[in-house]
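Chains as they are written, first to last, in this note's numbering: chain A, 10 to 145; chain B, 3 to 170.
Virtual Cβ for every residue (Gly too), placed ideally from N, Cα, C.
Predicted, not measured: the structure shown is a model, and the values here were computed from it.
Right, one structure below, let's go through it.
This is how it looks when you write it as structure tokens:
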């Protein structure tokens with residue numbers, strides 16, 4: 010059965026946070042591979058996070074720092090001996106810094122078959138405003 | 003040739019298992035060094051310069067294999083793939099996974115600034131440590147992870163041929 014792409018809400022954090030985002034779990038982390046591309050008026054980021062669905066992905070935006078986290082269920086190994094391993098199973102974690110060129114309020118995230126797609130729309134340049142001078 | 007081949011205390015082990023949680027940190031260090039050696043001297047044909055870091059050539063899925071008394075479980079990371087693009091076949095002692103990882107079709111043209119993910123057709127043949135019952139293999143694909151469960155062939159089912167001894 011083919012999965013449909015599912016949307017994820019991007020959370021904005023306000024208030025006091027540490028300068029570098031810290032993780033609160035001592036679990037092994039893996040850096041997901043990403044592709045960053047530009048398509049028309051948006052930047053699009055694809056991240057490979059097999060094992061993650063919309064319930065276990067966490068995207069947070071905090072003053073320009075975008076944190077991508079994907080939580081993965083550990084391999085069920087009862088009764089099994091791991092005979093051969095080419096990849097480590099672990100939570101996905103990657104941090105990006107966004108510039109003002111991105112409109113941070115309109116970021117969209119969705120996930121399908123373990124691939125996260127982030128659409129980062131580019132900000133419209135600030136329009137020049139005319140300021141009216143009032144007489145006192 | 004891996005360091006395993008020239009270090010006699012490694013003989014008899016089938017490969018280096020991935021890290022388990024709660025493991026002693028010194029033991030983790032020992033295994034990390036082991037893996038470092040294996041990576042460096044390991045896959046010479048594919049990575050002649052010693053590392054798979056930064057390799058963005060054709061896509062080749064990574065697999066893990068776990069073994070219990072009754073079956074062998076092989077898991078492969080295939081993010082973004084459609085299960086109709088994956089083909090699995092088995093023989094008595096190998097498992098072949100082949101398919102093609104395609105990019106997500108978008109209408110607009112895209113300019114890539116930074117590409118780490120790879121795409122393309124792949125084919126991996128994995129040797130299994132023992133014979134399996136090819137009739138009852140189970141495969142499922144969820145969230146980009148393919149899991150194939152192959153029941154082991156019990157000794158009673160495996161063919162044992164009795165060889166008569168001739169006397170002159």
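Taking C-beta separations shorter than 8 Å and ignoring five residues to either side along the sequence, the partners of residue 75/B in its chain run 67, 68, 69, 149, 150, 151 and 152, following chain order. Taking 8 Å as the upper bound on Cβ-Cβ separation, chain B lies near residues 62, 83, 84, 86, 88, 89, 90, 91 and 92 of the segment 62–92 of chain A. Between the alpha carbons of residue 125/A and residue 33/B lies a distance of about 32 Å. Contact of residue 48/A with chain B is assigned, a C-beta pair being separated by under 8 Å. Cβ contact annotation for residue 136/B (same chain, cutoff 6 Å, sequence separation greater than five): 92, in chain order. A straight line joining the alpha-carbon of residue 115/A with that of residue 129/A spans about 7 Å. When Cβ-Cβ separations below 8 Å define contact, residue 113/B makes contact with chain A. Taken atom to atom, the span from the alpha-carbon of residue 102/B to that of residue 58/A is near 18 Å.
In this structure, the straight-line span from the alpha carbon of residue 67/A to that of residue 100/A is close to 11 Å. Taking 3 residues as the shortest admissible run, the segment 73–138 of chain B contains the following complete beta strand (DSSP E) segments, listed from N- to C-terminal end: 73–79, 88–92, 96–103, 113–117 and 122–129. Beta-bridge partners of residue 153/B (DSSP): 73/B. Boundaries of the beta strand (DSSP E) harbouring residue 43/A: 43–48, taken from the DSSP string.
Counting the other Cβ atoms within 10 Å of the Cβ of residue 138/A gives fewer than 16, which makes it exposed.
For residue 69/A, the uninterrupted beta strand (DSSP E) run begins and ends at 66–71, by DSSP. With contacts defined by Cβ atoms closer than 8 Å, residue 145/B and residue 123/A form a contacting pair.
Annotation for residue 14/A: 119 and 121 place their beta carbon closer than 6 Å to its own, counting only its chain and skipping 5 residues before and after.
One alpha carbon belongs to residue 44/A, the other to residue 82/A, and they sit about 24 Å apart. One Cα belongs to residue 85/A, the other to residue 108/A, and the distance between them is close to 41 Å. Judged by DSSP in its simplified three-state form, residue 51/A adopts strand. An exposed status is given to residue 72/B, since fewer than 16 other beta-carbon atoms sit within 10 Å of its beta-carbon. The Cβ neighbour count for residue 167/B, taken over all protein chains shown within 10 Å, is under 16; the residue is labelled exposed.
The alpha-carbon of residue 91/A is positioned some 18 Å away from that of residue 60/A. Ranking 40/A, 75/A and 49/A by CA distance to the CA of residue 18/A puts 75/A first. DSSP, reduced to helix, strand and coil, places residue 38/B within a helical segment of the structure shown. Per DSSP, residue 63/B is not a residue of any beta strand (DSSP E), being assigned neither H nor E. Assigned with DSSP and collapsed to three states, residue 145/B falls in coil, not helix or strand.
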